Amino acid sequence: MINANAKVVSNINLTGNLWQIVLAIDELPELVIPGQYVHLRLEQKAEHMLRRPFSVHRVAVTSEELTSLTLTYQVFGEFTQHMTGLVEGDSVDLLGPLGQGWRLPVRAKAALIVGGGVGWAALAMAAGSLPAFSVPTYLLVGARNADYLQALSVGINDRPYPLDSYGSAAELGASFIHLATDDGSLGHHGMNTELLEELCDNVEFDYIAACGPEPMLVKVAALALERGISCEVSLERRMACGMGSCLSCTVQTRSGSRKVCSDGPVFGAGEIIW
Amino acid sequence: MVDIRSTEQDGLAVGMDGLAACEDAGCRQVDLAVTLAGLQFKNPLTTASGTFAPGQKYAELWTEQGVAKSGAAFASLGAVTTKGVSPVAWPGNTGIRIDESASGMLNSIGLENPGVEAFCADDLLWLAAQGAPIIVNVCGHTVAEYVAVIERLEQEQTVSAYELNISCPNIDNSGMAFGIDPVAAAKLTKACRAVTSRPMIVKLTPNVTDITEVARAVEAAGADALSLINTLAGMTIDLNRRKPVFDRVVAGLSGPAIKPVALWAVYRVYQAVRIPLIGMGGVRSVTDVVEFMLAGATVVGIGSYSFTDPLVIPRIARQLADWCAENGVEQVSSLIGALHAA
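What follows is the structure in structure tokens.
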């Protein structure tokens, strides 16, 4: 982990309240593990005393010296509103990478990645890694509408897949994408979790990774438990330090209090007391 | 006057040029040591309870960034003050635990901690190897619980001092209940005094009409030093839900927003008591540290600003010697309460 200035490379509105910022930083001392996050501070906005955590959506090495981090964020409050004002060349104070990422199975019969809305950002790197282990990977992603899904670039190995056909597997090799939208503009009309049972009836999964609204995680965790599928979830909590000190982000688990910032954000789904 | 100032500034500019070369040679010696209740501090800096300890991740970051040495990660601190420790594990508060306000933050953590046994087995053991004396913040629901924690910690050789937390706004039947009542505060202090001869610091709340009243009461009851201030009671509202953000409604405000309140408390309490003070509240720079010392603090706590800037402590520690050298201060202890002598 480091604490350093990152330069804004780009910061664009994808659709609605969904934005994407690309930050460049001098070589990170370590790899970003899929599921880790960075903790940002806007120095020019001193009234924001607290940092905000953002999942790393993508990592790339832009040149020999620079690592570029893509963060996809939803405008939610004042801080993220202020973030939309950042332009190329601005600097932000970055702390990271932080937290425990996904413990992806190197061997699995089939893996399922369940994403809800901007929660997909925490899963994208995992979805890109699994096929490298030759694990057949299924995506089940829901968002409010087709534009959001398109904007999230749901795909594997960073390639956005054509999102015009529900469940199209033609280009995906061993992997499959199932989509759902709140308004029915793409894929299933309704919640992605409504497809969960059927999908698990048809495919024998032995690993599930999920990130999204907590009600979605609760449903995924319950199903995984019921069917004995190994399942991990990435949780979101308000956090101040990101360093395991302030205890703002405590979550109750079967092995006691845990900190989302440093023990998580990824936890075994069976560990969490919802 | 103007001439003298400009001469000083010329001298300063020359001094700064030579600073880097001088630092290693040790030619600009500034004595940063202070003494508080018989405890020797290598510099006047500590952490504010609940914002740092045990601080494993800070040790990791500071070491990685090259501002601390592995194995003595907290050598830049005069002392580490721990999170509150209770006799048994406390789960802390339900619901949202932090919220932001302009240049500040509110917390409703509720003194979550693993209890004194787990603290001794894990945190204390680790902390003892980090190169800084340890002040353990003690909390409880009753006088007997505070006493029980201290009695257990008396068996630990690595504890340098206690800080009695009688000022947390985030728990019922304790904390602030003692801190807002001079009689109850004195009774608690006296009971703890009876079971330890180690330096005992009492941490005061600003949520009272007259903080000097409680300060005098605990001084008379045997406190060796005072910490001030704990957080200010406040609330925030979730406008969408039209509900208070926090389950307990009230939470504790900290951060740069409260610094003037804290300075004024230190200033007044310094005049009211003879025991030394640990000043804290919104410290984020070396000049903030100097201001607290001028107001009357012997030691200064850096608190929630570590959340904002995880490198603030080693930076202030590094800059303090430079600030003193640049401002002609040979002994940092000469700053303590200097405002009152003027």
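Line order of the protein sequences matches chains A and B. Residue numbering for the first sequence follows the numbering used here, beginning at 10 and increasing consecutively. Residue numbering for the second sequence follows the numbering used here, beginning at 295 and increasing consecutively. Glycine is no exception: its CB is placed at the ideal position from the N, C-alpha and C atoms. None of these values were measured; they are calculated from a predicted model.
Cutoff 7 Å; reference residue i; Cβ partners in own chain excluding five residues on either side
i: Arg236 of chain A; result: Cys209
i: Ile282 of chain A; result: Gln261, Thr262, Arg263
i: Pro62 of chain A; result: Tyr46, His48, Met248, Gly251
i: Lys54 of chain A; result: His91
i: Glu74 of chain A; result: Asp35, Glu36
i: Ala386 of chain B; result: According to the sequence shown, residue 386 of chain B is Gly rather than Ala. Once the five neighbours on either side are set aside, the close Cβ partners of Gly386 of chain B are Ile403, Gly404, Leu405, Glu406.
i: Ala342 of chain B; result: Thr375, Met574, Gly595, Ile596, Gly597
i: Ile11 of chain A; result: Leu37, Pro38
i: Ala69 of chain A; result: Ser77
i: Thr71 of chain A; result: Ala33, Ser77
i: Pro604 of chain B; result: Tyr352, Leu355
i: Lys336 of chain B; result: Leu326, Ala327, Gly372
Sequence-distant residues of its chain with Cβ nearer than 6 Å to residue i (five each side left out)
i: Ser627 of chain B; result: Val328
i: Arg487 of chain B; result: Gly516
i: Asn154 of chain A; result: Thr190, Asp192, Ser194
i: Asp325 of chain B; result: Gln625
i: Ser114 of chain A; result: The displayed chain sequence assigns Pro, not Ser, to residue 114 of chain A. Counting only Cβ-Cβ distances below 6 Å, and skipping sequence neighbours, we find Tyr216.
i: Glu507 of chain B; result: Pro476
i: Met587 of chain B; result: Leu629, Ile630
Neighbour-count burial assignment, residue i, 16 or more Cβ in a 10 Å radius
i: Ile474 of chain B; result: buried
i: Asn289 of chain A; result: Past the edges of chain A, shown from 10 to 283, lies residue 289 of chain A, and the structure says nothing about it.
i: Gly86 of chain A; result: exposed
i: Lys553 of chain B; result: buried
i: Phe142 of chain A; result: exposed
i: Leu205 of chain A; result: buried
i: Asp416 of chain B; result: exposed
i: Asp504 of chain B; result: exposed
i: Arg391 of chain B; result: buried
i: Gly378 of chain B; result: buried
i: Arg50 of chain A; result: buried
i: Asn464 of chain B; result: buried
i: Arg60 of chain A; result: buried
i: Asn22 of chain A; result: exposed
i: Glu245 of chain A; result: buried
i: Thr345 of chain B; result: buried
i: Ala514 of chain B; result: exposed
i: Thr581 of chain B; result: exposed
i: Thr388 of chain B; result: exposed
i: Gly622 of chain B; result: exposed
Beta-carbon proximity check, residue i vs residue j, cutoff 8 Å
i: Ser521 of chain B; j: Lys497 of chain B; result: yes
i: Ile428 of chain B; j: Ala373 of chain B; result: yes
i: Val555 of chain B; j: Gly573 of chain B; result: no
i: Ser243 of chain A; j: Pro274 of chain A; result: yes
i: Thr452 of chain B; j: Leu400 of chain B; result: no
i: Glu448 of chain B; j: Asn431 of chain B; result: no
i: Leu421 of chain B; j: Ala471 of chain B; result: no
i: His187 of chain A; j: Leu149 of chain A; result: yes
i: Asp156 of chain A; j: Gly25 of chain A; result: yes
i: His66 of chain A; j: Thr79 of chain A; result: yes
i: Val583 of chain B; j: Val577 of chain B; result: yes
i: Val543 of chain B; j: Pro338 of chain B; result: no
i: Pro381 of chain B; j: Val437 of chain B; result: no
i: Gly253 of chain A; j: Cys240 of chain A; result: no
i: Tyr82 of chain A; j: Val127 of chain A; result: yes
i: Cys414 of chain B; j: Glu450 of chain B; result: yes
Same chain only: Cβ atoms within 8 Å of residue i, ignoring 5 sequence neighbours per side
i: Leu547 of chain B; result: Ser395, Gly398, Met399, Leu400, Thr525, Leu526, Ala527, Gly528
i: Ile569 of chain B; result: Ala331, Glu513, Ala517, Asp518, Ala519, Leu520
i: Phe601 of chain B; result: Thr345, Met399
Distance cut-off 7 Å: residue i Cβ against heavy atoms of the ligand NAD
i: Leu226 of chain A; result: Annotation note on the ligand NAD: not contained in the displayed structure, which lists no ligands.
| Counting Cβ pairs, one atom from each stretch, are 3 or more of them under 8 Å apart for the stretch 394-414 of chain B and the stretch 356-371 of chain B? | no
| Is there contact between the stretch 560-568 of chain B and the stretch 622-636 of chain B, where contact requires at least three CB pairs shorter than 8 Å? | yes
| Stretch pair the stretch 100-120 of chain A + the stretch 30-44 of chain A: three plus CB contacts closer than 8 Å | yes
| message | Please give me, in chain order, every unbroken run of the beta strand (DSSP E) with length at least 3 that falls completely inside the stretch 335-368 of chain B. | response | 339-341
| request: Let me know the alpha helix (DSSP H) ranges lying completely inside the stretch 451-533 of chain B, each 4 residues or longer, listed in chain order. | output: 470-473, 476-487, 505-514
| message | My parser needs the beta strand (DSSP E) runs of 3 or more residues fully inside the stretch 379-409 of chain B; what are they? | response | 392-395, 398-401
| query | Is there contact between the stretch 112-126 of chain A and the stretch 90-100 of chain A, where contact requires at least three CB pairs shorter than 8 Å? | reply | no
| request: Within the stretch 238-272 of chain A, note down every full beta strand (DSSP E) run reaching 3 residues or more, in order along the chain. | output: List check, beta strand (DSSP E) in window: 239-243, 259-262, 265-268.
| Can you list, in chain order, the stretches of the beta strand (DSSP E) that have 3 or more residues and sit fully within the stretch 84-120 of chain A? | 100-107
| query | At a Cβ cut of 8 Å, what residues of the stretch 197-217 of chain A count as close to chain D, listed as they run along the chain? | reply | This model lacks chain D altogether, as its protein chains are A and B.
| task | For the stretch 329-337 of chain B and the stretch 489-507 of chain B, state whether three or more C-beta atom pairs, one from each stretch, are separated by less than 8 Å. | result | yes
| Should the stretch 15-23 of chain A be regarded as contacting the stretch 95-102 of chain A, the criterion being three or more beta carbon pairs within less than 8 Å? | By the Cβ rule, the stretch 15-23 of chain A counts as touching the stretch 95-102 of chain A, because three or more pairs are nearer than 8 Å.
| field | Ordered list of beta strand (DSSP E) runs contained in the stretch 541-618 of chain B, each at least 3 residues | value | Runs found: 545-548, 571-574, 591-596.
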